[in-house]
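A.B. asks: Residue numbers (this note's numbering), protein chains in the order written: chain A, 2 to 183; chain B, 9 to 322. First the structure, which I've put down as structure tokens, then a few questions once you've had a look.
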Amino acid sequence: MGPAKLLINPLQFRLTLDRLAHQLVEEHGDFSESALIGVQPRGIHLASRLSTRIQEILGGTRPRCGELDITFFRDDFRRRGQPLQAAATNLNFTVEELRVVVVDDVLYTGRTIRAAMDALLAHGRPTTMELAVLIDRRFSRELPIEAKYVGRSVDSLDSQRVKVLWSDHDGGEDRVELSNPT
Amino acid sequence: MASFSHPHLLGIRGLSRDDVDVIFQTAKEFKDVINRPIKKVPSLRDLTVANLFFENSTRTRLSFELAQKRLSADVVNFSAASSSVKKGETLADTVRNILAMKVDMVVLRHPHPGAAHYLASKIGVPIINAGDGTHEHPTQALLDCFTLTERLGTLEGKKVCIFGDIRHSRVALSNVRCLQLLGAEVMVCGPVPLIPKHFSSLGVKVEHDMDAALGWCDVANVLRIQLERQGAEVPFFPSLEEYHAQYGLTAERMDRLDSAPIVLHPGPMNRGVEIASEVADREDAIILDQVENGVAVRMAVLYLLAGRLGGSED
């Protein structure tokens with residue numbers, strides 16, 4: 002990988018998160034019948050941040066926030082040399098009758114979200130399912146999937162890598178980097 | 009993250025600590041899956057698995073079959089009782105014929121020690137040893153240790169005693185190896201004729217006094233007396249009553265201890281022989297946890313072995 006280019010700086014990052022949180026509140030009100038579900042491994046950070054921010058905006062209880070592992074639902078199983086190690090699914094509520102927002106950091110081919118839809122439906126039948134992402138890598142989709150809430154759309158090459166970095170997980174400040182292959 | 013790098017699961021021998029850790033972590037996630045309203049994931053949906061049982065088994069086969077179905081694999085079952093083995097076909101030929109029908113994985117139970125190893129050298133699909141004679145039964149050992157890890161947190165430094173018919177057990181050898189791999193101290197206890205001499209060479213303690221062994225251990229893994237394998241001409245012990253008196257795990261024996269060990273039993277139980285009903289049915293018994301975990305552990309093994317299929321072209 003070559004030197005990473007800063008795609009979103011810490012200030013823009015905060016504004017974008019704020020905007021996403023406000024959009025979600027606009028749509029879901031007090032979240033009493035809604036839930037955020039972060040996709041493992043890296044969507045969980047965005048879901049948890051959004052949940053905290055929404056709580057601040059509402060000044061009330063924290064929205065339900067779950068973590069969903071999609072490993073066993075991936076469509077590239079046996080197309081890799083090794084199976085991926087599964088991560089934990091933490092859903093301490095039932096998704097039945099809830100308006101669920103699936104949250105991931107980067108939307109790219111759409112295959113992860115396809116798997117997430119299947120994985121989530123194995124837990125029950127939500128009333129509606131929406132998708133919120135921080136980064137939408139445009140023109141890279143392999144499946145007909147689009148996000149309803151998008152932090153930033155970026156144009157990138159397939160060979161490039163977009164990485165969302167979280168201060169409480171990756172160190173440094175919150176930021177998004179684009180790196181080129183060497 | 010460590011990964012599982014073996015083409016087959018033939019025994020605990022050859023596995024590393026990392027391998028076992030990967031299996032346990034995967035099993036933990038599968039245990040979560042099988043406790044959901046929808047107990048099924050699509051991971052193995054394009055695979056066919058053959059369960060070849062050349063020897064009777066109820067729970068191991070059922071457990072494997074459930075594991076396969078919960079991974080969405082297609083399953084074919086074969087048992088020796090209704091097969092052409094009786095017509096003189098060799099093991100390798102039987103299996104080649106089944107593979108010619110496009111089967112991707114084989115689960116093998118066979119009365120002869122080494123059958124799974126032999127087959128692994130002859131055919132090119134992953135093989136899971138579901139018990140080869142009195143040799144190994146790796147998934148049973150894995151599920152026993154997984155269950156203990158769940159209960160105790162770690163097996164490091166824990167004292168585990170395996171009681172009973174060590175001689176005829178395929179569970180004993182696999183268990184000894186797996187327990188030692190995870191850092192436990194192991195003892196075997198039973199009447200002299202039921203403990204093969206070579207067992208002491210595995211680095212396990214050998215004890216013939218049940219009360220002494222019970223006092224020593226944190227975990228008692230009680231094996232079944234294999235009634236069908238007791239010598240017809242020269243019995244290994246005088247009578248079942250005698251065995252129960254000397255080596256039966258009774259409530260009375262347990263109550264005499266300062267702290268009672270955790271009791272495991274791989275099933276099927278002979279109540280009133282190696283274990284008394286009061287002990288088997290105690291609230292803190294984890295015998296049924298073993299059965300539940302059996303499905304999760306077998307799902308993990310199937311998943312990890314299947315992940316290596318077809319991944320080599322890229």
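Note that beta-carbon positions come from the ideal geometry of N, C-alpha and C, so glycine has one too.
Scan the stretch 24 to 42 of chain B for residues whose Cβ lies nearer than 9 Å to a Cβ of chain A and list them as they occur along the chain.
C.D. replies: Answer in chain order: V30, Q33, T34, K36, E37, F38, D40, V41.
A.B. asks: Tell me, please, which residues DSSP counts as bridged to A/N91.
C.D. replies: Partner(s): A/E68.
A.B. asks: Where do the ends of the beta strand (DSSP E) carrying B/F137 lie?
C.D. replies: Here the sequence assigns Asn to residue 137 of chain B, which means Phe is not the residue at that position. It spans 135 to 140 - the beta strand (DSSP E) in which B/N137 sits, taken as one unbroken run.
A.B. asks: In chain A, what lies closer than 7 Å to B/S51 by C-beta?
C.D. replies: Here the neighbours are F73, F78.
A.B. asks: Less than 8 Å between CB atoms is the rule here; does B/R117 satisfy it with respect to chain A?
C.D. replies: No, no contact with chain A.
A.B. asks: DSSP three-state call for B/C197: helix, strand or coil?
C.D. replies: Reduced to three states, the DSSP call for B/C197 is strand.
A.B. asks: Rounding to the nearest angstrom, what Cα-Cα distance links B/H14 and B/D40 in this structure?
C.D. replies: One C-alpha to the other measures close to 25 Å.
A.B. asks: Given 8 Å as the limit, is there contact between the stretch 194 to 212 of chain B and the stretch 265 to 274 of chain B, that is, 3 or more CB pairs closer than that?
C.D. replies: No, because fewer than three Cβ pairs between the stretch 194 to 212 of chain B and the stretch 265 to 274 of chain B fall closer than 8 Å, the two stretches do not touch.
A.B. asks: For B/E321, count neighbouring C-beta atoms within 10 Å of its own C-beta (all shown protein chains included) and say buried if the count is 16 or more, exposed if not.
C.D. replies: Note on B/E321: pLDDT 36, under 50, position unreliable in the model; the coordinate value appears next. B/E321 should be labelled exposed.
A.B. asks: What would DSSP say about B/C186, mapped onto helix, strand or coil?
C.D. replies: The answer is helix: DSSP assigns B/C186 an H, G or I state.
A.B. asks: What number of angstroms, rounded off, separates the C-alpha of A/I114 from the C-alpha of B/L151?
C.D. replies: Roughly 33 Å separates the two Cα atoms.
A.B. asks: According to DSSP, is B/V271 helix, strand or coil?
C.D. replies: Of the three classes helix, strand and coil, the one that applies to B/V271 here is strand, per DSSP.
A.B. asks: By the 10 Å Cβ neighbour count, where 16 or more other Cβ atoms means buried, how is B/I295 classified, buried or exposed?
C.D. replies: Buried is the call here.
A.B. asks: Using alpha carbons as the reference points, say which of B/V194, B/L231, B/D226 lies closest to B/E215.
C.D. replies: Closest option to B/E215, Cα to Cα, is B/V194.
A.B. asks: So B/V230 and B/G172 are supposed to be a Cβ contact under 8 Å. How far apart are they, rounded?
C.D. replies: Indeed they touch by this definition, with Cβ atoms about 6 Å apart.
A.B. asks: Who are the Cβ neighbours of A/G30 in its own chain at under 7 Å, not counting the five residues just before and after it?
C.D. replies: No residues qualify anywhere along the chain.
A.B. asks: So A/I45 is in the alpha helix (DSSP H); what residue range does that whole segment cover?
C.D. replies: First-last of the alpha helix (DSSP H) with A/I45: 44 to 59.
A.B. asks: Using CA coordinates, which residue listed in A/L16, A/R112, A/V134, A/S157 is at the minimum distance from A/L179?
C.D. replies: For A/L179, the nearest C-alpha among the options comes from A/S157.
A.B. asks: For my contact list, A/L121 and A/V101 are in at a C-beta cut-off of 8 Å; report their separation, rounded to the angstrom.
C.D. replies: Rounded, the Cβ-Cβ distance is 7 Å, consistent with contact.
A.B. asks: Closer than 8 Å is the cut-off here; do at least three beta carbon pairs connect the stretch 23 to 40 of chain B with the stretch 144 to 164 of chain B?
C.D. replies: They touch, by the three-pair rule.
A.B. asks: Give every residue of the same chain whose Cβ lies closer than 6 Å to the Cβ of B/A123, excluding the five residues on either side of it in the sequence, and list them in chain order.
C.D. replies: So the qualifying residues of the chain are D140.
A.B. asks: Tell me, please, whether the stretch 287 to 301 of chain B touches the stretch 163 to 173 of chain A by the rule of three or more beta-carbon pairs shorter than 8 Å.
C.D. replies: With the cut-off at 8 Å, the stretch 287 to 301 of chain B and the stretch 163 to 173 of chain A do not touch.
A.B. asks: Which parts of the stretch 80 to 136 of chain A are runs of the beta strand (DSSP E), unbroken and 3 residues or longer, counting only runs that do not cross its ends?
C.D. replies: Within the stretch 80 to 136 of chain A, the complete beta strand (DSSP E) runs of at least 3 residues are 100 to 108.
A.B. asks: Applying a beta-carbon distance threshold of less than 8 Å, which residues of chain A neighbour B/R44?
C.D. replies: Result: A123, H124.
A.B. asks: Pull out every residue of the stretch 130 to 163 of chain A whose Cβ sits closer than 7 Å to any Cβ of chain B, in chain order.
C.D. replies: Within the stretch 130 to 163 of chain A, no residue qualifies.
A.B. asks: Can you tell me which residues form a DSSP beta bridge with A/Y150?
C.D. replies: Its beta-bridge partners are A/A133.
A.B. asks: DSSP three-state call for B/K47: helix, strand or coil?
C.D. replies: B/K47: coil per DSSP, three-state reduction.
A.B. asks: Listing by chain order, which chain A residues have their CB less than 8 Å from the CB of B/Y255?
C.D. replies: Within 8 Å Cβ-Cβ: nothing; B/Y255 doesn't reach chain A, min ~41 Å.
A.B. asks: If the cut is a Cβ gap below 9 Å, which residues of chain A does B/S209 touch?
C.D. replies: By Cβ distance, chain A contributes nothing, its closest Cβ being about 36 Å from B/S209, past 9 Å.
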